[in-house]
Ligand code: HSE
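Numbering (our numbering), first residue to last: 96 to 405.
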């Protein structure tokens, strides 16, 4: 028996909601988990890049250090077992290390597929908790799992509390993806252990504004909310051109806000549908200066999360 699950890409943080807000995008990875028929076959992990960019896959382990395997192992342990014979096939379309939740997507896909194979021993709560333990942050895991725009909190007991938030489809997303990777661990290593109280309050106020703006479709409030003092200022040295892009887009027609996608290096521009060519020109020119090529993706929010396709 085999099960395949298709899981969307995600963008975490969305400015003020560090480690909490996230949204899903219609770009997908597919994980297939299969019980091998012949005993003694062990664990086989295959990774196929559907965009034909094999360089993207060089650093991904295909042994028991693979994060999909580790997540599935935790699920087996949850029911008092160990995975002995499994074939895991990971088909990736989501670019790796670009701040688009590729790891979260495969972890969630692998867990849901394995849970199906095992006859559903774990409910959503358990799966979210295992996935977050492996990935480390609930803000990519949650929208990958349930789709849409979400707020999530990883609680002290390991559980994840989340809610789906509304999204006004008049607010468009432009993802600006540079031609280089940025490892999340590196991007987290530049963050301070402690932050000034005034910066914490700054983000607290903006997170509250963000949620209210979503519920009331208040574009002005959303514009005020899409700012951050907890992670982006520290990460700007890892994303050359980011500060220039954010500054230059502040007064561009149509732009509601510009934020870093998760841990970067991609940048998300939320805009109201106008000014596309001017926005693209500003981003391309700023990154050209740093010899960085830009790939633009205009995508709606994916309302659905992970789905079983086989
Ligand atoms: N919230 C996390 C971060 C997302 O910004 O480090 C990482 O994928």
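Just so you know, even glycine gets a beta-carbon here, dropped at the ideal spot from N, CA and C. Everything numeric in this text was worked out from a predicted model, so none of it was measured.
Pairwise C-alpha distance: residue 177 and residue 387: As a first step, residue 387 must be located in the chain shown, where it is residue number 292. As a first step, residue 177 must be located in the chain shown, where it is residue number 82. Distance between the alpha carbons of residue 387 and residue 177: 45 Å.
Top-ranked residue by Cα proximity to residue 380, from 336, 268, 200: The count along the chain shown starts at 1 and reaches residue 380 at position 285. Among 336, 268, 200, the Cα nearest to that of residue 380 is on 336.
Output the distance between the C-alpha atoms of residue 174 and residue 384, rounded to the nearest integer angstrom. Here residue 174 is taken as the residue at index 79 of the chain shown, counted from 1. Here residue 384 is taken as the residue at index 289 of the chain shown, counted from 1. Cα to Cα, residue 174 sits roughly 54 Å from residue 384.
Kindly indicate which three-state DSSP category residue 282 falls into: helix, strand or coil? As a working mapping, residue 282 is identified with position 187 in the chain shown. In this structure, residue 282 counts as helix in the three-state DSSP scheme.
8 Å Cβ cutoff met for residue 123 and residue 102: Locating residue 123 in the chain shown gives position 28, where the first residue counts as 1. Locating residue 102 in the chain shown gives position 7, where the first residue counts as 1. In contact: residue 123 and residue 102 (Cβ atoms closer than 8 Å).
Could you give the residue range of the beta strand (DSSP E) that holds residue 227? Position 132 of the chain shown holds residue 227. Residue 227 -> not in any beta strand (DSSP E); alpha helix (DSSP H) instead, spanning 219-230.
Outcome for residue 328 when other beta-carbon atoms lying within 10 angstroms are tallied against a minimum of 16: The residue labelled residue 328 in the question sits at position 233 within the chain shown. Exposed: under 16 other Cβ atoms inside 10 Å.
Just to confirm, does residue 200 get its C-beta within under 7 Å of one of the non-hydrogen atoms of ligand 1? To locate residue 200, count along the chain shown from 1; it is residue 105. False, no ligand heavy atom lies under 7 Å from that Cβ.
Closest by CA to residue 137, which one among 121, 114, 129? Along the chain shown, one-based indexing puts residue 137 at 42. Comparing Cα-Cα distances from residue 137 to each of 121, 114, 129, the minimum goes to 129.
Quick one, which of 225, 206, 404, 334 has its alpha-carbon nearest residue 281's? The sequence position of residue 281 within the chain shown is 186, counting from 1. Nearest C-alpha to residue 281: 334.
Mind checking residue 234: buried by the 16 CB within 10 Å criterion, or exposed? Working through the chain shown from its first residue, we reach residue 234 at position 139. Counting Cβ neighbours within 10 Å, residue 234 comes out buried, since at least 16 surround it.
Alpha-carbon spacing of residue 181 relative to residue 238, whole angstroms: The count along the chain shown starts at 1 and reaches residue 181 at position 86. The count along the chain shown starts at 1 and reaches residue 238 at position 143. Roughly 27 Å separates the two Cα atoms.
Check whether the Cβ of residue 235 sits closer than 7 Å to any heavy atom of ligand 1, and report yes or no. What you label residue 235 is simply residue 140 of the chain shown in a count that begins at 1. Yes, since a heavy atom of ligand 1 falls inside the 7 Å radius drawn around the Cβ of residue 235.
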